[in-house]
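In full-length UniProt numbering, the protein residues as written are 1 to 299.
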């Protein structure tokens, strides 16, 4: 997917474990299928998972999660990854890495959510709880920035997509989002990447949220993206009510969802089909929602 990523396999991970954590050395290692773009995951035995950065840009995320996940976990209504081992760079793998406890569950599929309204309530409760965490000493979230900072790459992505999207319609919707009033309250905690690949469900309900690499404080509207990248239209109101956001924040959240999808689609068009498919889903959902509201932007 990226020109600067390292190829990883089970044999390498087994050697790393045997050297750094010999008590886990006998455990079998198996790659975990994932649409993730920054890290590779390998299941270690039945109860553990190893997560390794595939590219330089993800290296800082290891220390970030090691530091903040133990502090956030007791304050959230769903499970989050629990780091229990910290691998150091060495000759076999020149980057830090982590061992976590395995979390059961599966990724929900946009367009096929089993219990949309209960899941919307669960996600709303998670976002609300995260927003309520004390921000003292907290890092800035990599995505909780003013939406205008994404204007240039978003427009560049629309140009790159060409006739593969309705450029006039998505540009009009993007400009509409940019006109929404900016966040005028104090910065609060946000996950930053609430996508189907980072949500685990069990029996239709939220079981866990993973990948806190982008987590930090800023404009919390970014966590509304899950309303379009996962939840169906009929459950969006339930999620919005659970979060309690106003019209301006909702508009920024929709803008975040649209921008992320537009930028990801041309980049992952061939290299990551699940991410490309979800990007198409988001764009379709936002265009359809706009058409239902009577603003004139349709498929």
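Ideal Cβ positions, reconstructed from N, Cα and C, are used throughout, including at glycine.
For residue 228 and residue 255, I'd like the C-alpha separation in whole angstroms.
Against the chain shown, residue 228 aligns to sequence position 228. Against the chain shown, residue 255 aligns to sequence position 255. When rounded, the distance between both Cα atoms is 10 Å.
In three-state terms, what does DSSP make of residue 31?
Here residue 31 corresponds to residue number 31 of the chain shown, with the count starting at 1. DSSP places residue 31 in strand when its eight states are reduced to three.
Quickly, what does DSSP pair residue 259 with across the bridge? List them, please.
The residue labelled residue 259 in the question sits at position 259 within the chain shown. BP columns for residue 259 are empty, so no partner.
With a Cβ-Cβ cutoff of 8 Å, do residue 112 and residue 147 count as a contact?
As a first step, residue 112 is located in the chain shown; it is residue number 112 there, counting from the start. As a first step, residue 147 is located in the chain shown; it is residue number 147 there, counting from the start. Not a contact, by the Cβ cut-off of 8 Å.
Look up residue 297 in the DSSP assignment and say whether it is helix, strand or coil.
Along the chain shown, one-based indexing puts residue 297 at 297. Because the pLDDT at residue 297 is just 40, under 50, the model does not fix this residue reliably, and the point stays unresolved.
Check residue 225 in the structure and name its three-state DSSP category.
For this step, residue 225 is matched to residue 225 along the chain shown. Residue 225 falls in the helix class under three-state DSSP.
On the DSSP letters alone, give me the boundaries of the alpha helix (DSSP H) that residue 302 sits inside.
No statement about residue 302 is possible, as the shown extent of the chain runs from 1 to 299 and does not include it.
Just list the residues that DSSP pairs residue 83 with in beta bridges.
Along the chain shown, one-based indexing puts residue 83 at 83. Answer by DSSP bridge pairing, in chain order: 100.
Considering only residues of the same chain and omitting the five flanking positions on each side of residue 257, which have a CB-CB separation below 8 Å?
The residue given as residue 257 occupies position 257 in the chain shown. Within the same chain, residue 257 has close Cβ partners 224, 225, 227, 228, 229, 282, 286.
Should the region 77-90 be regarded as contacting the region 109-126, the criterion being three or more beta carbon pairs within less than 8 Å?
Two segments are said to touch when three or more pairs of C-beta atoms, one from each, lie closer than 8 Å; by this definition the region 77-90 touches the region 109-126.
Count the other C-beta atoms from every protein chain shown that fall within 10 angstroms of the C-beta of residue 92, then say buried if there are 16 or more, exposed otherwise.
Reading the chain shown from its first residue, position 92 is the one you call residue 92. Residue 92 comes out exposed.
Starting from residue 127, trace the beta strand (DSSP E) both ways and give me its first and last residue.
Working through the chain shown from its first residue, we reach residue 127 at position 127. For residue 127, no beta strand (DSSP E) encloses it; the enclosing alpha helix (DSSP H) starts and ends at 116-131.
Please report the Cβ distance between residue 243 and residue 144, rounded to the nearest whole angstrom; I am assuming they are in contact, meaning their Cβ atoms lie under 8 Å.
In the chain shown, the residue the question calls residue 243 occupies position 243. In the chain shown, the residue the question calls residue 144 occupies position 144. About 15 Å separates the two Cβ atoms, so there is no contact after all.
Pull up the DSSP beta-bridge partners for residue 43, would you.
Counting from one through the chain shown, the residue named residue 43 turns up at place 43. Looking at the DSSP output, residue 43 bridges to 30, 49.
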